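Notes follow the structure.
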Amino acid sequence: MPLKIAVQMDHISTVSIAGDTSFALALEAQARGHALWHYTPDKLSMVDGKVIAWAEALEVRDIKGDHFTLGEPQRLDLSEMDVVLLRQDPPFDMNYITTTHILDRIHPETLVVNDPSWVRNSPEKIFVIEFADLMPETLITRDTREVDDFRKKHGDIIVKPLYGNGGAGIFHLKEGDRNLASLLEMFMGAFREPFIVQRYLKEVRGGDKRIILIEGEPVGAINRVPAEHDSRSNMHVGGRAEHAELTDREREICARIGPSLRERGFTLVGIDVIGDWLTEINVTSPTGIREVKRFGGADIAALFWDAVEARRARG
1 MPLKIAVQMD HISTVSIAGD TSFALALEAQ ARGHALWHYT PDKLSMVDGK VIAWAEALEV
61 RDIKGDHFTL GEPQRLDLSE MDVVLLRQDP PFDMNYITTT HILDRIHPET LVVNDPSWVR
121 NSPEKIFVIE FADLMPETLI TRDTREVDDF RKKHGDIIVK PLYGNGGAGI FHLKEGDRNL
181 ASLLEMFMGA FREPFIVQRY LKEVRGGDKR IILIEGEPVG AINRVPAEHD SRSNMHVGGR
241 AEHAELTDRE REICARIGPS LRERGFTLVG IDVIGDWLTE INVTSPTGIR EVKRFGGADI
301 AALFWDAVEA RRARG
């Protein structure tokens with residue numbers, strides 16, 4: 001039965017369709033005969049307790065430079081939608097958190113994917129700490145003394161924003177690097193929140209694996225290899241994607257975290273693994289499904305809509 005689907009995302013004109021997961025999900029939904037609407041987070045409102053969005057009917061095409069058509073803006077009551085996809089990119093700031101509070105008003109009668117309450121309560125670099133034994137040594141702090149002690153203990157470190165995304169603001173500091181104090185001053189000025197410090201994993205030179213899970217089960221992976229002169233493997237900043245299979249250790253990691261993902265209503269999740277270590281659990285707008293399919297892996301967009309349609313059928 002066709003579904004009415006609203007997609008809350010960054011404007012579709014800004015996406016790079018070759019690797020954009022939201023676009024891939026829209027393509028598959030359209031192929032199944034579902035009706036699509038598109039709106040950006042600034043068009044979401046709550047009026048006397050009713051959740052509305054100024055949205056546009058959306059048609060998509062897998063043609064670079066001509067990948068979408070939008071209809072005239074219309075005022076949608078989102079409680080009349082069957083599904084809302086919560087897909088805008090971080091930063092995970094108060095604006096993002098506010099949208100989850102608003103969408104809480106319609107979920108689960110309108111199925112919001114991923115569950116907005118659990119997206120709000122599972123910040124990606126904090127949620128992962130629940131599985132500390134699967135992670136490299138990690139510090140979350142604003143206290144420079146703690147950073148100094150951590151660096152003395154572990155040598156090479158990574159420093160990054162707690163609520164960033166896409167590889168932005170990630171720094172690799174070698175043991176003898178004299179820039180740590182200046183970097184921490186910059187972070188203190190730029191962010192009110194604590195930041196995250198991790199032991200540097202030299203295995204990242206061989207790649208940072210993105211593993212996609214649907215309903216807590218692994219369905220595909222790609223390896224993202226950093227550019228020669230960069231410590232970051234994110235494809236936004238020049239990382240190269242390549243085919244990947246899951247190792248026994250990665251299956252163990254997925255088996256450990258899977259029950260928590262299902263309990264929190266996370267239909268689509270992307271985790272990052274470097275060597276034998278889990279580094280992030282991405283629940284806001286995980287990417288990678290187009291690359292998995294391009295390298296001969298599963299059609300994860302189809303698996304996603306199978307799961308969503310099953311959820312709607314169960315009510």
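Per UniProt numbering, the very first residue in the sequence shown carries number 1; after that it's consecutive.
Here a beta-carbon is modelled for each residue, glycine too, at the ideal position from N, C-alpha and C.
For clarity, every value in this text was computed on a predicted model and none was experimentally measured.
PHE150 and LEU139 have their alpha carbons spaced roughly 8 Å apart. One thing to note: ALA244 has its Cβ within 9 Å of the Cβ of ASN223. Residue environment analysis places HIS101 among the exposed positions, since fewer than 16 neighbouring C-beta atoms fall within 10 angstroms of its C-beta.
In the three-state scheme derived from DSSP, where H, G and I count as helix and E and B as strand, ASN95 is classed as helix. ASP77 is bridged by DSSP to ILE52. Judged by pairs of C-beta atoms under 8 Å, the region 257-266 touches the region 210-224, as three or more such pairs exist. With fewer than 16 neighbouring CB atoms inside 10 Å of its own CB, ASN179 falls in the exposed class. In the assembly as shown, ALA227 is an exposed residue. Its beta-carbon has fewer than 16 other beta-carbons within 10 Å. Taking LEU70 as reference, the option from ILE52, GLY207, TYR39, PHE131 with the minimal CA-CA separation is TYR39. Going by beta carbons, ALA57 and TRP305 fall outside the 9 Å limit.
In this structure, the alpha-carbon of LEU183 lies about 46 Å from that of ASP48. Minimum Cα-Cα distance from LEU76 among the listed residues THR141, LYS4, LEU111, GLY65 corresponds to LYS4.
As the crow flies, the alpha-carbon of ALA221 is around 19 Å from that of ARG262. With respect to the 9 Å criterion, ILE253 and GLN198 are not classified as neighbours on the basis of their beta carbons. Judged by DSSP secondary structure, ILE170 falls outside any beta strand (DSSP E); it is assigned neither H nor E. Sequence-distant partners of TRP118 (beyond 5 residues in either direction) whose C-beta falls short of 8 Å from its own C-beta, in its chain, are ARG264, GLY265, PHE266, VAL283.
CA-to-CA, the gap between HIS67 and ILE17 works out to about 8 Å. Fully contained in the region 112-151 are the following alpha helix (DSSP H) runs of length 4 or more, in chain order: 116-120, 124-127. The beta-carbon separation of GLU203 and ILE274, rounded to 5 Å, stays under the 8 Å limit for a contact. When beta bridges are read from the DSSP output, ASP272 appears opposite ARG210, GLU280. In the DSSP assignment, ARG199 forms a beta bridge with ILE157.
Taking a C-beta distance under 9 Å as the contact criterion, ARG142 and GLU193 qualify as a contact pair. Look at SER16 here: in three-state DSSP terms it is coil, with no helix or strand label.
When rounded, the separation of the alpha-carbon atoms in ASN114 and LEU85 is 7 Å. Using a 10 angstroms sphere on the CB of LYS209, the tally of other CB atoms reaches 16 or more, which defines it as buried.
By DSSP's assignment, THR267 forms no beta bridge with any residue. If you compare the alpha carbons of THR98, PRO161, HIS154, GLY288 with that of GLU124, the shortest gap goes to PRO161. Pairing LEU201 with PRO136 gives a Cβ-Cβ distance under 9 Å. Annotated as proximal: ALA24 and ALA301, with beta-carbon spacing under 9 Å.
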